[in-house]
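Just remember that my numbering sits 14 ahead of the position in the sequence shown, which is counted from 1. All C-beta atoms in this analysis are idealised placements derived from N, C-alpha and C, irrespective of residue type, glycine included. These numbers come from a predicted model, not from an experiment. Below: the structure, in structure tokens.
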Amino acid sequence: MRVEAGGWLLGAAAAGAGAVWLWRHQDEVMTRRPVNEWTFTHMNLLMPTEDVRRGGNMFPLPRRPRPLEVAYGFEGRERSLAELHARTNTTSFVVLHGGEIVHESYPGYFAGDDVRFQMFSMTKSVTSMLIGIALDEGAIKDVTEPVTVYCRWLVGSAFDGVTIEHLLDMSSGVGDLVEDHTVRDSLINRFAEAATGGGSLYEVVSSAERSTEAGTQFSYSTIDTQVLGWVLESATGHSLAQYATERLWSRIGAEHDAYYWLTRGHPRTAIAGGSLNATARDIARLGLLMSRGGELNGQRIVPEEWVTRSRGRGVPHLEVGALGPSGYPHYGYSNKWWTLGGERRPFTAVGIHGQYLYVDPDADVVIVKTSAWPTADDPSRDAESVTALRAVADHLHEDHR
Numbered sequence: 015m016r017v018e019a020g021g022w023l024l025g026a027a028a029a030g031a032g033a034v035w036l037w038r039h040q041d042e043v044m045t046r047r048p049v050n051e052w053t054f055t056h057m058n059l060l061m062p063t064e065d066v067r068r069g070g071n072m073f074p075l076p077r078r079p080r081p082l083e084v085a086y087g088f089e090g091r092e093r094s095l096a097e098l099h100a101r102t103n104t105t106s107f108v109v110l111h112g113g114e115i116v117h118e119s120y121p122g123y124f125a126g127d128d129v130r131f132q133m134f135s136m137t138k139s140v141t142s143m144l145i146g147i148a149l150d151e152g153a154i155k156d157v158t159e160p161v162t163v164y165c166r167w168l169v170g171s172a173f174d175g176v177t178i179e180h181l182l183d184m185s186s187g188v189g190d191l192v193e194d195h196t197v198r199d200s201l202i203n204r205f206a207e208a209a210t211g212g213g214s215l216y217e218v219v220s221s222a223e224r225s226t227e228a229g230t231q232f233s234y235s236t237i238d239t240q241v242l243g244w245v246l247e248s249a250t251g252h253s254l255a256q257y258a259t260e261r262l263w264s265r266i267g268a269e270h271d272a273y274y275w276l277t278r279g280h281p282r283t284a285i286a287g288g289s290l291n292a293t294a295r296d297i298a299r300l301g302l303l304m305s306r307g308g309e310l311n312g313q314r315i316v317p318e319e320w321v322t323r324s325r326g327r328g329v330p331h332l333e334v335g336a337l338g339p340s341g342y343p344h345y346g347y348s349n350k351w352w353t354l355g356g357e358r359r360p361f362t363a364v365g366i367h368g369q370y371l372y373v374d375p376d377a378d379v380v381i382v383k384t385s386a387w388p389t390a391d392d393p394s395r396d397a398e399s400v401t402a403l404r405a406v407a408d409h410l411h412e413d414h415r
């Protein structure tokens, strides 16, 4: 009996220790392959959520499938889209041309046209769209306003003196110079642990230190976008999900409700820089809205000048190739969108683990690619993905001429 009891106690202790380890390392476990294929499509089973409701009428995306025999050059050889999907762990791939679905595939194990995918930092670009709408409505007066006008609790923090425009440009100068998910005690990891483990985002954000002068250097920061989300909520009196429902999602003719996952700790809050989940087709509708200058289905949703601003506006430290160690050389940045330069000036939303919303208005092409990379960031997979998306847009543009 004593042996059995001792064994039971040892087993219980081991199970308890395992549970503690799992709780402390849940972010790491959730994002590992192959587990992440499931977690990136089931965040609503893992975290509290708030719905972003669709409207009554669906905006049609006619299906005109045709062969998409595109080759792209990478690392000295020509590759196919099938190779892209295998090499970059694609879970969904939707291509619009002229507002029609010309290609749609779901290579992911748990993927499908009605599955809502975790968009990670593509959420930042949606937050920017909402800021543009709030500015147009007058809820926010001007991008040059200090964030402390709306977030008084940040007075005295490193964000004191930072403007809304600094946040939009990822140039607040607050926090780590490089957002590094591989460093255990980095600011982004402390932020993520607070979000999923019941800690306080407010404490993490207010404790961030200044690294450079505001407005002088690009430094990719999810914290910047979190503050921007709080600015939006304070200015409008609505939660992020409520405002997205009323001003965006209910107006784009979405097929499905979207949702933000929320922090476990109270007050629960959406992650303005990373917790939106939506179907690939509905994200494609957002891309179509941006491709058409902020109008969809005969209604103005996002100000046209806001869309223009999101394609780049000539700020030297935000130009393609000028972002420094916090950005890859093929990108520029503007308004929480990654700019790509060139004659047609496409731009894209990007999320860790390989999420893309690629918009090329001049080619009338929108591409959604969701993925389940084994790591948060991967320069090679990113370069290959962008190269392939460009090739698809080029192919459709030339084919239409």
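Helix or strand or just coil, what does DSSP make of residue i?
i    : result
T353 : strand
I4   : Nothing can be reported for residue 4: it is not among the residues displayed for the chain, which extend from 15 to 415.
V334 : coil
I285 : coil
L310 : strand
P160 : strand
Y216 : helix
T105 : strand
T63  : strand
K155 : coil
G189 : coil
W275 : strand
Q132 : strand
L168 : helix
S348 : strand
R204 : helix
G229 : coil
H99  : helix
Y342 : coil
V197 : coil
Y257 : helix
S235 : coil
I145 : helix
L262 : coil
Enumerate in chain order the residues of its own chain whose CB-to-CB distance from residue i is below 6 Å, with the five nearest sequence positions on each side excluded.
i    : result
A228 : V176, H180, S186 and G187
L262 : none
A268 : R68 and D296
G301 : L371, V373 and V380
S305 : V373, P375 and V380
R166 : none
K138 : T239, G287 and K350
G365 : M133, F134, S135 and M136
R78  : E114 and V116
E159 : I178
L403 : Y372 and I381
G112 : D378
T53  : M44
Have a look at the DSSP bridge pairing and note the partners of residue i.
i    : result
Q369 : G365
Y86  : R93
E175 : Strictly speaking, residue 175 in this sequence is Gly, with Glu absent from that position. The partner list for G175 (beta bridge, DSSP) is empty, contrary to what the question assumes.
I381 : V109 and Y372
N291 : Q132 and Y273
R77  : I115
R224 : V188
Checking 8 Å against the spacing of the C-beta atoms, do residue i and residue j come in under that value?
i    : j    : result
S233 : T226 : yes
T362 : Y372 : yes
L95  : L82  : yes
T105 : S399 : no
H409 : W387 : no
T259 : R130 : no
T102 : R395 : yes
P360 : A407 : yes
V321 : G312 : no
A249 : A390 : no
P339 : V192 : yes
V219 : V241 : yes
A255 : E64  : yes
Ignore the nearest five residues each way along the sequence and tell me which others in residue i's own chain have a CB closer than 7 Å to its CB.
i    : result
T283 : L215, L276 and T277
L201 : G189, D190, A222 and I237
P343 : G335
W244 : C165
V84  : L95, A405, V406 and H409
Spatial neighbours of residue i within its chain, please: C-beta separation below 8 Å, excluding the five flanking residues on both sides.
i    : result
R299 : F73, L75, I266, G267, A268 and L310
L98  : Y86, T104, E398, S399 and A402
If you measure from the beta carbon of residue i to each beta carbon in chain C, is any gap under 8 Å?
i    : result
S171 : Any reference to chain C falls outside this structure, which holds one protein chain only.
Any heavy atom of the ligand HEM closer than 7 Å to the Cβ of residue i?
i    : result
V241 : In terms of ligand content, the structure shown is empty, and the ligand HEM therefore cannot be addressed.
Notebook entry, point to check: Below 8 Å, can you find three or more Cβ-Cβ pairs linking the segment 79-88 to the segment 267-285?
Noted result: Segments in contact, no.
Check: If you pair each beta-carbon of the segment 310-319 with each one of the segment 144-151, do three or more pairs fall below 8 Å?
Finding: Contact holds between the segment 310-319 and the segment 144-151, because three or more Cβ pairs, one in each stretch, are under 8 Å apart.
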